[in-house]
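Engineer: Sending over a structure as structure tokens; questions will come in a sec.
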């Protein structure tokens with residue numbers, strides 16, 4: 004990659020003049036991105052096409068392990084405080100944590116952490132994330148100052164590491180994004196010291212500022228290498244799914260295993276497997292292809308929506324699923340929470356459908372259908388934990404089979420071409436727009 008730095012006498016906020024006086028128009032070969040939340044054109048000079056990554060590094064995998072503890076804390080917060088208040092006291096801190104944690108996935112996509120200084124800074128950042136996870140149950144209490152302070156430390160580390168990027172546009176982009184992350188951290192820091200209403204307003208404002216910063220700040224310029232980016236987020240989801248497996252053990256803990264408990268464990272693992280199958284059941288190659296075929300500038304928007312926002316929804320769903328599995332196994336023959344398991348499955352499926360729709364990697368009919376029916380099927384069965392687990396398993400299994408058949412009925416055409424060879428006109432499409440589908444010969 005040979006980045007071309009912006010000449011020092013050029014004002015990075017100046018657009019070339021156009022006939023209308025607006026931002027430069029997109030050429031016919033690069034139509035505007037038609038996904039749920041588009042960004043206005045940003046004057047930062049676009050990055051060069053990144054070199055293909057060699058894959059996720061061991062330090063990144065080590066870094067991701069801290070998120071297991073964060074998920075455990077968020078799940079425990081939801082379980083120990085049933086009701087809307089407890090739900091949001093677990094989900095709002097988790098949303099802030101995911102935004103910052105995902106930001107480090109963007110970082111290591113642009114800056115390969117091979118240097119000793121990079122690894123040391125990532126290890127220090129792990130400490131900050133662990134402190135946030137440890138303080139998550141107290142994030143709304145007056146004694147919960149550590150969460151906000153650790154968040155600001157993570158923001159500082161993120162900026163320091165990103166400024167070592169070779170791509171000038173990435174360095175310019177992080178300098179525009181960092182103030183929004185800092186404002187979010189300050190709101191989180193002062194939130195516990197206000198009245199109840201003030202605390203909720205600050206937390207809601209912090210999460211809003213963080214998640215809308217890419218739109219509000221019209222931020223562009225980040226480098227997205229598709230293979231590493233997709234692999235890294237897949238590994239994060241795999242780690243998050245570990246929380247649902249841990250939930251099986253937590254729910255079954257403290258008693259000897261009999262046939263009844265073994266059956267509950269089987270159902271809990273079946274639900275976790277259904278969630279895993281939904282995400283990892285064949286979308287990987289299609290996702291990489293969709294990201295690779297997008298222009299360098301559009302990949303940032305796809306990464307923001309499909310991997311930032313949609314993955315936040317999926318992670319929230321998995322936390323609820325983990326709470327529901329633990330509760331269901333712990334109360335196999337008695338009353339369980341009516342909403343956790345079914346709602347968690349529905350939220351995860353909606354997030355996955357959003358992810359797939361934005362990238363245009365396949366049908367979302369099965370996911371939407373299952374999300375609609377899973378809560379009405381599981382909620383009336385809350386009188387017995389095994390019944391809710393069984394109902395969720397049936398819904399996920401039926402959805403997987405239906406989705407498999409829908410994918411078999413259509414194919415995503417592949418057109419072989421040499422590297423650098425222009426696409427044929429019929430291949431041109433917007434990232435996120437469903438590809439032309441052809442029936443498979445039978």
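In this note's numbering, the protein residues as written are 4 to 445. Heads up, the beta-carbon is just placed ideally off N, CA and C, and yes, glycines get one too.
Is residue 197 helix, strand or coil when you go by DSSP?
Structural biologist: coil
Engineer: Closest to residue 128 by C-alpha separation, out of 161, 173 and 201, would be which residue?
Structural biologist: 161
Engineer: Apart from the five residues just before and just after residue 373, which ones in its own chain have a Cβ nearer than 6 Å to its Cβ?
Structural biologist: 352, 398 and 402
Engineer: Enumerate in chain order the residues of its own chain whose CB-to-CB distance from residue 229 is below 6 Å, with the five nearest sequence positions on each side excluded.
Structural biologist: 291, 294 and 295
Engineer: Can you tell which of 359, 105 and 175 has the C-alpha that lies nearest to the C-alpha of residue 283?
Structural biologist: 359
Engineer: Is there contact here, the region 141 to 153 with the region 166 to 184, by at least three beta-carbon pairs under 8 Å?
Structural biologist: no
Engineer: In whole angstroms, what is the alpha-carbon distance linking residue 328 and residue 107?
Structural biologist: 30 Å
Engineer: Ordered along the chain, which non-local residues of its own chain (more than five positions away) have a Cβ less than 8 Å from that of residue 272?
Structural biologist: Answer for residue 272: 248 and 251, listed in chain order.
Engineer: Between the Cα of residue 318 and those of 224, 345 and 239, spot the shortest distance and give me the residue it belongs to.
Structural biologist: 239
Engineer: Can you give me the start and stop residues for the alpha helix (DSSP H) that residue 229 sits inside?
Structural biologist: 229 to 255
Engineer: By Cβ distance below 7 Å, which residues in the same chain neighbour residue 444 in space, the five residues on each side in sequence not counted?
Structural biologist: Because the pLDDT of residue 444 is 43, which lies under 50, any placement of that residue in the model is unreliable, and the question is left without a value.
Engineer: Does the Cβ-Cβ distance between residue 93 and residue 77 come in under 7 Å?
Structural biologist: yes
Engineer: Should residue 131 and residue 157 be called a contact, given that it needs their Cβ atoms to be closer than 7 Å?
Structural biologist: yes
Engineer: So what does DSSP say about residue 335, is it helix, strand or coil?
Structural biologist: coil
Engineer: Our contact map puts residue 331 next to residue 254 with C-beta atoms below 8 Å; I'd like the distance itself, whole angstroms only.
Structural biologist: 7 Å
Engineer: Note down the Cα distance separating residue 393 from residue 146, rounded to an integer number of angstroms.
Structural biologist: Approximately 41 Å between the Cα atoms of the pair.
Engineer: If you drop the 5 nearest sequence neighbours on each side, which residues of the same chain put their C-beta closer than 7 Å to that of residue 1?
Structural biologist: Here the chain covers residues 4 to 445 and nothing more, so residue 1 does not appear.
Engineer: Less than 7 Å separating the beta-carbons of residue 124 and residue 243?
Structural biologist: no
Engineer: Using the Cβ count rule (16 or more neighbours within 10 Å means buried), how would you classify residue 308?
Structural biologist: buried
Engineer: Check whether the region 84 to 91 and the region 58 to 65 touch, using three or more Cβ-Cβ pairs below 8 Å as the test.
Structural biologist: In the pairwise beta carbon analysis, the region 84 to 91 is classified as not touching the region 58 to 65: fewer than three pairs are separated by under 8 Å.
Engineer: State yes or no: is the C-beta of residue 69 within less than 7 Å of the C-beta of residue 143?
Structural biologist: no
Engineer: I'd like to check one pair, residue 345 with residue 377: are the Cβ atoms closer than 7 Å?
Structural biologist: yes
Engineer: Under three-state DSSP, which class holds residue 381?
Structural biologist: helix
Engineer: From this set, 274, 137, 208 and 101, which residue's C-alpha is nearest residue 324's C-alpha?
Structural biologist: 274
Engineer: Just curious, the alpha helix (DSSP H) that residue 355 is in, first and last residue?
Structural biologist: 343 to 362
Engineer: Could you check whether residue 381 and residue 391 sit closer than 7 Å to each other, using their CB atoms as the reference points?
Structural biologist: Between residue 391 and residue 381, the C-beta gap is smaller than 7 Å, which places the two residues in contact.
Engineer: Quick one: is residue 265 buried, meaning 16 or more other Cβ sit within 10 Å of its Cβ, or exposed?
Structural biologist: exposed
Engineer: Is residue 222 helix, strand or coil when you go by DSSP?
Structural biologist: coil
Engineer: Apart from the five residues just before and just after residue 205, which ones in its own chain have a Cβ nearer than 8 Å to its Cβ?
Structural biologist: Cβ neighbours of residue 205 beyond the five flanking positions: 190, 191, 193, 194 and 197.
Engineer: Which residues in the same chain have their Cβ closer than 6 Å to the Cβ of residue 96, if we skip the five residues on either side of it in sequence?
Structural biologist: 139 and 142
Engineer: How long is the line joining the alpha carbons of residue 219 and residue 104, rounded to whole angstroms?
Structural biologist: Distance between the alpha carbons of residue 219 and residue 104 is about 20 Å.
Engineer: Can you grab the Cα-Cα spacing for the pair residue 341 / residue 314, in whole Å?
Structural biologist: 25 Å
Engineer: If I'm right that residue 225 touches residue 303 with Cβ under 8 Å, what's the distance once you round it to whole angstroms?
Structural biologist: 5 Å
Engineer: Give the straight-line distance between the Cα atoms of residue 113 and residue 164, rounded to the nearest whole angstrom.
Structural biologist: 10 Å
Engineer: For residue 333 and residue 281, what's the separation of their Cα atoms in angstroms?
Structural biologist: 26 Å
Engineer: Could you name the residues of the same chain whose beta carbon sits closer than 8 Å to that of residue 181, not counting the 5 residues immediately before and after it, in chain order?
Structural biologist: The answer, listed in chain order, is 158, 161 and 162.
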